[in-house]
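This report refers to the structure that appears directly beneath it.
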Amino acid sequence: MKELLDGVRTFDDFLSDGLIEYLDVNEENNALIALYEGEATPETTHIEIEPFTILGVIAGLIPYPHHNQSPRNTYQCAMGKQAMGNIAYNQASRIIQYSLCRMDTLLYLLVYPQRPLLTTRTIELVGYDKLGAGQNATVAVISYSGYDIEDAIVMNKSSLDRGFGRCIVMKKSSNVIQKYDNGATDRILRPQRTGPGSEKMQ
1 MKELLDGVRT
11 FDDFLSDGLI
21 EYLDVNEENN
31 ALIALYEGEA
41 TPETTHIEIE
51 PFTILGVIAG
61 LIPYPHHNQS
71 PRNTYQCAMG
81 KQAMGNIAYN
91 QASRIIQYSL
101 CRMDTLLYLL
111 VYPQRPLLTT
121 RTIELVGYDK
131 LGAGQNATVA
141 VISYSGYDIE
151 DAIVMNKSSL
161 DRGFGRCIVM
171 KKSSNVIQKY
181 DNGATDRILR
191 PQRTGPGSEK
201 MQ
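Taken in order, the sequence shown gives residues 1 to 202; the numbers are from UniProt numbering.
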């Protein structure tokens, strides 16, 4: 590893020399893998590079996954990919400036994303703490007014007024402006908030 830090070897060099190799699920059945170098025995065939690499990237974002039931971690792995936040520092230009060369047609952006209160090593490595995809909420688990039965949620109006959970939807559309034989032409206008047709904006 010192050679890797000093730049003498690259990660690909370790792969080509057979010092590091990828194992699939079937190969793991016939391997004795130690989490740490100190746990290695003469029968050990492999050592994990780092214990947190056992989990995937999405599962690595879950803090203290061993404190949850396994199905809950599975649910989070499926739903974590649907989280809203900031996708990049140049997220506005992904639709506006580069619309001809990119396939993004719809973006959901969280207005006030926040850094998670608790981070994991994976969060720091992938930069999730710099471009968060969520907000830190104060949650009370109580029985309140009967409107919170089962999965229902009672939200605080003042937090919604201050922008909690607010998002921006950016859509890309392509239109053709035509000129007709009778002299009429198509025009693209901003929505009218006053005057005729303003009731459609409500």
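Glycine residues also receive a C-beta, built at the ideal position from the N, C-alpha and C atoms.
Secondary structure of residue i, DSSP reduced to three states
| i | result |
| --- | --- |
| T105 | coil |
| I168 | strand |
| L100 | With a pLDDT of 49 at L100, under the threshold of 50, the modelled position of that residue is not reliable, and no figure is offered here. |
| L110 | strand |
| K179 | strand |
| T10 | coil |
| T122 | helix |
Straight-line Cα distance separating residue j from residue i
| i | j | result |
| --- | --- | --- |
| V176 | I87 | 30 Å |
| D12 | T105 | 36 Å |
| N57 | K81 | Just to set this straight, residue 57 is Val in the shown sequence, not Asn. Taking the straight line from one Cα to the other gives about 10 Å. |
| Q178 | L189 | 15 Å |
| P51 | S143 | 40 Å |
| Q76 | N68 | 11 Å |
| G85 | G127 | 13 Å |
| residue 211 | V139 | The question about residue 211 has no answer here: the residues shown for the chain are numbered 1 through 202. |
| I62 | Y180 | 58 Å |
| R166 | E124 | 25 Å |
| N90 | S173 | 19 Å |
| T53 | V8 | 24 Å |
| V169 | N156 | 23 Å |
| G146 | I153 | 11 Å |
| H66 | R187 | 59 Å |
| D17 | D6 | 18 Å |
Cβ distance (whole Å) where residue i is taken to contact residue j below 8 Å
| i | j | result |
| --- | --- | --- |
| A83 | N73 | So it is not a contact: roughly 15 Å between Cβ atoms. |
| Q135 | Y112 | 7 Å |
| L110 | A133 | 7 Å |
| L32 | E43 | 5 Å |
| I49 | E37 | Not confirmed; about 11 Å, so no contact. |
Cβ neighbour criterion (16 or more within 10 Å) applied to residue i
| i | result |
| --- | --- |
| L4 | exposed |
| T122 | buried |
| T119 | exposed |
**OP:** With a floor of 3 residues, list each beta strand (DSSP E) that falls wholly inside the region 23 to 84, ordered by position along the chain.
**Re:** You should have found no qualifying run.
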